[in-house]
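Below is one structure; the comments refer to it alone.
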Amino acid sequence: MTETTSPAQAASAALRARQRPLKAAYKEDPGSARVTSTATARVDQQALTATVPTSAGEVVAGLHPATGGDGSQACSADIVLQALVACAGVTLSSVATAMGVELRSASVTANGTWDARGTLGVDRETPVGLTSVEVVVDVDTDADDATVTKLLELTERYCVVARTLTDPPPVTVRRA
1 MTETTSPAQA ASAALRARQR PLKAAYKEDP GSARVTSTAT ARVDQQALTA TVPTSAGEVV
61 AGLHPATGGD GSQACSADIV LQALVACAGV TLSSVATAMG VELRSASVTA NGTWDARGTL
121 GVDRETPVGL TSVEVVVDVD TDADDATVTK LLELTERYCV VARTLTDPPP VTVRRA
């Protein structure tokens, strides 16, 4: 009797094969697992914008309409949420692949709330920044509820941006 491999099993095996040498190297030399990510923005004071080069092209961030912008530039809070859903989506896909779970379709949505009074200095008691973030994952799969629950738990656990927002590192601002 010949055993056939499903596409999900083949994808899982391929992912494990790609990651196996990396995991082995990181176990042997933990320091080699440290990665420094860098982003730089060019500031245009006249336009009240900051331009960030990315691998997908430049993103021009500006004031949100709630703080005096016209809405034609990216909002930095939206960029944070976009980074979150991108990371969660890639993590969801990777975890599902590693688990052998086939996703017919999946989407990740993040909703964040912030109060413009804090950013504008209208009320010193009002926090500056996102005060709540909700991530909603919609998956179409034949996996049972327990498997989907585990998939979401692992996605939350291994998503770099979600972990960073949940347990933020210290951020320092200094002069170059």
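Okay, so the sequence shown: first residue is 1 according to full-length UniProt numbering, each after it adds one.
Glycine included, each C-beta is placed from N, C-alpha and C at the ideal position.
| query | result |
| --- | --- |
| Nearest-angstrom Cα separation, counted from V139 out to D78 | 23 Å |
| The beta strand (DSSP E) enclosing P53, as first and last residue numbers | T49 to T54 |
| Inter-residue Cα distance where the pair is A86 and T166 | 16 Å |
| Alpha helix (DSSP H) segments (min. 4 residues) lying fully within the segment 60 to 130 | 76 to 99 and 116 to 120 |
| Range covered by the beta strand (DSSP E) that runs through residue 178 | Outside the displayed range of the chain (1 to 176) lies residue 178, so it cannot be described from this structure. |
| Which listed residue (A33, T51, S32 and A47) has its alpha carbon closest to that of T40 | T51 |
| Counted within 10 angstroms of its Cβ, other Cβ atoms place V35 as buried (16 or more) or exposed | exposed |
| Inter-residue Cα distance where the pair is V90 and A96 | 10 Å |
| Reference residue 222; option with closest CA among K150, A143, D144 and V135 | For the chain, the structure presents residues 1 to 176; residue 222 sits outside this window and is missing. |
| Whole-angstrom distance between V101 and K23, CA atom to CA atom | 22 Å |
| Presumed contact (8 Å Cβ cut-off) between T113 and S132, rounded CB distance | 5 Å |
| Local Cβ density within 10 Å of S32, reported as buried at 16 or more and exposed below that | exposed |
| L92 burial status per 10 Å Cβ neighbour count (16 or more: buried) | buried |
| First through last residue of the alpha helix (DSSP H) which encompasses D145 | D145 to Y158 |
| H64 to T5 span [Cα, whole Å] | 50 Å |
| CB-CB length for T38 against A116, believed under 8 Å | Actually they do not touch by this definition, with Cβ atoms about 29 Å apart. |
| Which of helix, strand or coil DSSP assigns to S37 | coil |
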